[in-house]
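Mind the numbering: the sequence shown is residues 0 to 150 in numbering that gives the first Met the number 0, read in order. Taking it in order: structure first as structure tokens, then the write-up.
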Amino acid sequence: MKKLLAFACTALLLAGCGSSGEVKKESKTCSMEESGIKMDIKMDAEDDVIKTIELSYLMPGSLLGGDASELSEDDMKTMGDAVLGQLGVKEGEGINANFKAKDKDLVATVNIDLSKTDASILNKMGISGNTKNVKLSETVESAEKSKMTCK
């Protein structure tokens, strides 16, 4: 999980410029697995500039010490708040988190809207630089160098 977060931070540090004219929309998802946890980062971009990022983690119930489907809504909320706390943020202002059980596994999803997220919130996550002009092409290249699979 730390490796994906480190990649996400690196991705947000890469700044570039968008082009003028007709808007070209595209999405890329980069994935990896580490210590049994499957991690994905989905990036939606316009004119090669990332607008939104979705971080997804699939944590096997066995790593959690049991069956995630047995967790209550309150347990899910508590776990979600703890994860966001580790990132140094809370929901709101462009950051949305969702935690749910999928079979026995736990699925954690954190959505970041770069156009709405305040730079000070991103700084708490260790992200600095111009977060409004992050280039998708450079980010994917960096992810692939970090042994992630992107498509």
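For glycine and all other residues, C-beta sits at the position ideal for the given N, C-alpha and C.
- Non-local C-beta neighbours of Ser26 in its own chain, meaning closer than 8 Å and more than five positions away in sequence, comprise Lys41, Met42, Asp43 and Ala44, ordered along the chain.
- Annotation for Asp80: the continuous alpha helix (DSSP H) segment containing it runs Glu72 to Leu86.
- Cβ-Cβ distances below 8 Å link Ala96 to Gly79, Val82, Leu83, Glu90, Ala107, Thr108, Val109 and Asn110 in the same chain, with the five nearest sequence neighbours on each side left out; the list follows chain order.
- Under the criterion of beta carbons closer than 8 Å, Gly60 and Lys103 qualify as touching, at roughly 4 Å.
- For Val22, the three-state secondary structure derived from DSSP is coil.
- Distance from the Cα of Gly35 is smallest, within the candidate group Lys150, Met58 and Ser136, for Met58.
- In the structure shown, Thr138 adopts helical secondary structure according to DSSP, grouped into three states.
- For Leu113, no beta strand (DSSP E) segment is defined, and its DSSP state is neither H nor E.
- Assigned with DSSP and collapsed to three states, Lys50 falls in strand.
- The three-state secondary structure of Lys150, taken from DSSP, is coil.
- If the five residues before and after Leu63 are omitted, its C-beta is found closer than 7 Å to the C-beta atoms of Leu105, all from its own chain and listed in chain order.
- Tyr56 and Glu33 have their C-alpha atoms roughly 11 Å apart.
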